[in-house]
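Enquirer: Yeah, the sequence shown ends on 205 if you go by the working numbering, and it's all consecutive.
Below you will find the structure I want to go over with you.
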Amino acid sequence: MEFVVKEDKDKFELMKKLVDFQKNVKQPKKDKSNPFSKSSYASLQSVQETAIEALEPLGLSFFQDFGMNNEGKTLSVQTIIVSDLGMIKFNPIILPLEKITAQGVGSASTYARRYALTTNLAIVADEDDDGNNASNVS
68 MEFVVKEDKD KFELMKKLVD FQKNVKQPKK DKSNPFSKSS YASLQSVQET
118 AIEALEPLGL SFFQDFGMNN EGKTLSVQTI IVSDLGMIKF NPIILPLEKI
168 TAQGVGSAST YARRYALTTN LAIVADEDDD GNNASNVS
């Protein structure tokens, strides 16, 4: 993560705003279900609404930028928090692209944007399965 501020004291003020965000943020509604893992998760819209609701009162906003890398084999998404004090640029999340089609890029973009936002802001959008799905344990 990189802080871009005019003065060093602004970096500390931005960090305090993130701490206040963490104190006040409500976890998003898990409004979607995954039939393969029989679990529920929060959609990108639900995550964005949750983030905006807790960021706005603190004078913070966010945007996300994405690009394709590695000859179109990966997609990266970077979340940037902005305020009158400066900005926080989070490290990009990089995902492999399974299909290099409009639908494949669109799907990966939505997935990456949701994961970048939840990771960078410590928002819980999925049920915790203790890593069982990743290790094929039921």
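Cβ coordinates follow ideal geometry from the N, Cα and C atoms, glycine included.
Quick check on DSSP: helix, strand or coil for E69?
Expert: Sequence index remark: in the sequence shown, residue 69 carries index 2 (1-based). Strand, per DSSP.
Enquirer: Contact check, A183 vs I155 under 8 Å by CB: the rounded distance?
Expert: Against the sequence shown, residue 183 aligns to sequence position 116. Against the sequence shown, residue 155 aligns to sequence position 88. Not a contact, Cβ separation roughly 13 Å.
Enquirer: Would you kindly report the start and end of the unbroken beta strand (DSSP E) that includes S107?
Expert: Numbered from 1 along the sequence shown, position 40 holds the residue referred to as residue 107. Here the beta strand (DSSP E) through S107 covers 106-108.
Enquirer: Below 8 Å, can you find three or more Cβ-Cβ pairs linking the segment 74-92 to the segment 146-155?
Expert: The answer is yes - the segment 146-155 touches the segment 74-92, with three or more Cβ pairs under 8 Å.
Enquirer: Per DSSP, which residues does K99 bridge with? Please list them.
Expert: By 1-based counting over the sequence shown, the position of residue 99 is 32. DSSP, once it has assigned bridges, lists Y108 as partnering K99.
Enquirer: Just to confirm my understanding: we take V179, look at its own chain, exclude 5 residues before and 5 after, and list those with CB closer than 7 Å. What are they?
Expert: For the purposes of this step, residue 179 is identified with residue 112 of the sequence shown, where counting begins at 1. The amino acid occupying residue 179 in the given sequence is Ala; Val does not appear at that position. The answer, listed in chain order, is F133, L142, V144, I160, L162.
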